[in-house]
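So the structure is just underneath, and the comments pick up after that.
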Amino acid sequence: MTSATLKYGERQAAGQLLQQWMERPESDTSVAACPVQSSKLQLKDLRKSKEFEIDVEMNPYIPAQIEDEFEQLNIAGPRSGAWEMISIGEPDVTDDVEYPDLHIWEGQIAPGVLIVEEMKKTPSLFMSEVCQAVYENHFSMDTLKYVYMVDVCNRDTLSFVRDVLYTEANGLVWPDEEIHDWQLGTPEFEALLGTKIGKTVAHLVLGAFRRGTHRISQIRSFHTFEILQLRFTIEEMEHVTPVIPSVELPIRTVSTRVTRSMTRKRKAEEEETAAKKAQKKG
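For the sequence shown, counting from 1, position 181 maps to 1447 in my numbering; every step adds exactly one.
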């Protein structure tokens, strides 16, 4: 299906392709080759670089925008001792007119959750790789279940949500007081995945896991004080091992042979018994 025939056009088409890349193994040639490579970036690489400054704060606060969420997710809070806030900045860069006070990356991590509070494009880094490096420095990537994008200010993502998704055509209005969970396979999910923020999280999954093993299964959207918040749910994909026919065939063949052998033996015994009875009568 071309982007022209999709409900949300190019964004939805981009989201569909990203989902296919996540769900299908590299050996599947039915989908265009994925350009996202396995990420090798580590936090220690950024520490060694003179371009960046990294600050770490132990046991920070839970962002108020998503505080209510954690009662439902059963995630250990800051007092558990396994919670850190990390800030990555470029101290020598002063030409950012639009977002001069934003860090390159700032967020919090805990087992199972990555919270991105600030993130802005820089020529030398992919933000998806920074997200992975920060989380992987403390926890195994296999434990990551949720990625929060707090106070989203990316123009592409904001314009889609406010001007296209939350519209009268969808029975919505921005800001909507309801929390909306967009499910895998729906046009809205695919289009959100195809926005700039959605692509970043999809690239995180593609760079962190083998293809066909993990995917984004749900995108939640809501607001606090009219500011967009997003949550991406990552799940491990379950694959059913196909039954190999060659394993079962010998069993059926042996069973047939045994049945036929028993039938012949029983028939021979009956014939022998009948012959003995005939001899006695004679």
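Just so you know, even glycine gets a beta-carbon here, dropped at the ideal spot from N, CA and C.
Query                                                                                                                                      : Result
Cβ contact check for the stretch 1379-1389 and the stretch 1427-1435: 3 or more pairs under 8 angstroms                                    : no
Supposed close pair CYS1419, LEU1470 - CB separation, criterion 8 angstroms                                                                : That pair is no contact at about 19 angstroms.
Distance, GLU1434 Cα to HIS1404 Cα                                                                                                         : 44 angstroms
Selected residue, minimal CA-CA separation from VAL1297, among ASP1311, GLN1286, GLY1281, ASP1447                                          : GLN1286
Contacts around ARG1477, its chain only, beta-carbon distance under 6 angstroms, and the 5 residues preceding and following it disregarded : PRO1291, GLU1292
Burial state of GLY1451 (16 or more Cβ within 10 Å)                                                                                        : exposed
Assigned exposure category for LYS1465 - 16 Cβ within 10 Å defines buried                                                                  : buried
Environment of THR1409 [buried if 16+ CB atoms lie within 10 Å]                                                                            : exposed
TRP1440 and ILE1485 closer than 8 angstroms at C-beta                                                                                      : no
For ARG1523, the three-state DSSP class (helix, strand or coil)                                                                            : Here the model assigns ARG1523 a pLDDT of 36, short of 50, so the residue's position is not dependable, and the following value carries that caveat. Helix.
Exposure label - GLY1415; buried when at least 16 CB within 10 Å                                                                           : The identity of residue 1415 in the sequence shown is Met, whereas the question assumes Gly. So MET1415 ends up on the buried side.
Where ALA1435 sits in the DSSP three-state scheme                                                                                          : helix
Residues that GLY1355 bridges to, as DSSP identifies them                                                                                  : GLU1319
VAL1509 versus GLN1331: straight-line alpha-carbon distance, rounded                                                                       : Its pLDDT being 37, under 50, VAL1509 is placed unreliably in this model, and the value from its coordinates should be taken loosely. Each residue's Cα considered, the two are about 48 angstroms apart.
Neighbour-count burial assignment, ALA1270, 16 or more Cβ in a 10 Å radius                                                                 : exposed
DSSP three-state assignment for TYR1401, whether helix, strand or coil                                                                     : helix
For GLU1317, the nearest candidate out of GLU1333, PRO1357, GLU1323 (CA to CA)                                                             : PRO1357
Rounded C-alpha distance that separates MET1324 from TYR1401                                                                               : 14 angstroms
Boundaries of the beta strand (DSSP E) in which ALA1330 is found, first to last residue                                                    : No beta strand (DSSP E) contains ALA1330, which DSSP labels as neither H nor E.
Euclidean distance between Cα positions of ARG1518 and GLU1504                                                                             : At ARG1518 the pLDDT is 34, less than 50, meaning the model places this residue with poor confidence and gives no usable figure here.
Beta carbon of GLY1373 nearer than 8 angstroms to that of LYS1411                                                                          : no
Rounded distance between the beta-carbons of ILE1375 and GLU1350, thought under 8 angstroms                                                : 6 angstroms
Identity of the residues DSSP links to GLY1373 by a beta bridge                                                                            : ILE1352, VAL1382
Cβ-Cβ distance between ALA1399 and LEU1472 below 8 angstroms                                                                               : no
Cβ separation of ARG1277 and ALA1468, assumed to be a contact under 8 angstroms, to the nearest whole Å                                    : That belief does not hold up - the Cβ atoms of ARG1277 and ALA1468 are roughly 12 angstroms apart, past 8 angstroms.
Proximity test, Cβ basis, 8 angstroms: ARG1290 and chain B                                                                                 : Structure shown: chain B not included; a single protein chain is present.
Reference ILE1500, options ASP1334, GLU1289, THR1423, closest by Cα                                                                        : GLU1289
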